[in-house]
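1 is the number of the first residue of the sequence shown in the numbering used here; add one for each residue after it. Glycine included, C-beta positions come from ideal geometry on N, C-alpha and C. Right, one structure below, let's go through it.
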Amino acid sequence: MSTSGSSYHHGDLRTALVSAAAEMLETGEPYSLRAVARRAGVSPAAPYRHFADRSALDAAVAVEGFTDLSACLTDALRAVPDSAGPVDMVSALGVAYVSFALRRPALFRLMFGENCGDPDGGRAQASRQLESVLTEVLSRSFPEQSSSSLTTALWGLAHGLAFLHLDGEYSTEPPAEIAKRVRAVVTAVFNMGQGLASPST
1 MSTSGSSYHH GDLRTALVSA AAEMLETGEP YSLRAVARRA GVSPAAPYRH FADRSALDAA
61 VAVEGFTDLS ACLTDALRAV PDSAGPVDMV SALGVAYVSF ALRRPALFRL MFGENCGDPD
121 GGRAQASRQL ESVLTEVLSR SFPEQSSSSL TTALWGLAHG LAFLHLDGEY STEPPAEIAK
181 RVRAVVTAVF NMGQGLASPS T
């Protein structure tokens, strides 16, 4: 939701501030609570009704990011045909995860740049929601495996690929080429696992 140059609706101040902060983050514009207030079209004191400081605002933006990423993963799974196998499902998740990171790099770095802090806080809850999306899919696809361990392994794979691209280890490429690489990596990992599980001859 764009907030630039417009006032917020009554009762939506917090949403307007988080949206303004996310916009500034993604455009590379440094922000403070005062700058965010200016972009949202409210008084400099208004943000303090909801956020004690910049760190609290960052946490709220991170929560929004986790929510958006979870939605992206869910949408990606809905697009996978019912006849698709586990590798296709995991590949779809991986492509969606990496694509989100590359589409919103500053937000992605903010989401994972600090630990979640309070285990009962919004940031930790949003992170657990993302993990639950992954765990649900993997537990259905691989009922014989430990869903917790498998989630950690495949989340780590997608996360590592995302940062390899973000940190320039891979050159900027069209989205189709990035998706192709992610699918190839997922397929290679699954093929390796099958080879290790096969009896030696």
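The closest CA to that of G94, considering only C72, F112 and M111, is found on C72. In the three-state reduction of the DSSP assignment, D68 falls in the helix class.
When DSSP states are grouped into helix, strand and coil, Y97 belongs to the helix group. Close CB contacts of M111 within its chain, under the 7 angstroms cut and outside five residues either way in sequence, are with A62, G65 and F66 (chain order). Ranking A179, G113, A16 and D82 by CA distance to the CA of V137 puts D82 first. Its Cα nearest to that of G122, the residue A60 stands out among E23, L25 and A60. Beta-carbon to beta-carbon, V36 and L57 are separated by about 7 angstroms, close enough to satisfy the 8 angstroms threshold.
Within the model, the alpha-carbon separation for A176 versus G156 is close to 22 angstroms. Bounds of any alpha helix (DSSP H) do not take in H50, whose DSSP letter is neither H nor E. Annotation for S139: the continuous alpha helix (DSSP H) segment containing it runs G122 to S141.
Here S19 is buried, its C-beta having at least 16 other C-beta atoms within 10 Å.
R49 counts as exposed, since fewer than 16 other C-beta atoms from the protein chains shown sit within 10 angstroms of its C-beta. Taking C-alpha positions only, P30 is separated from A40 by approximately 15 angstroms.
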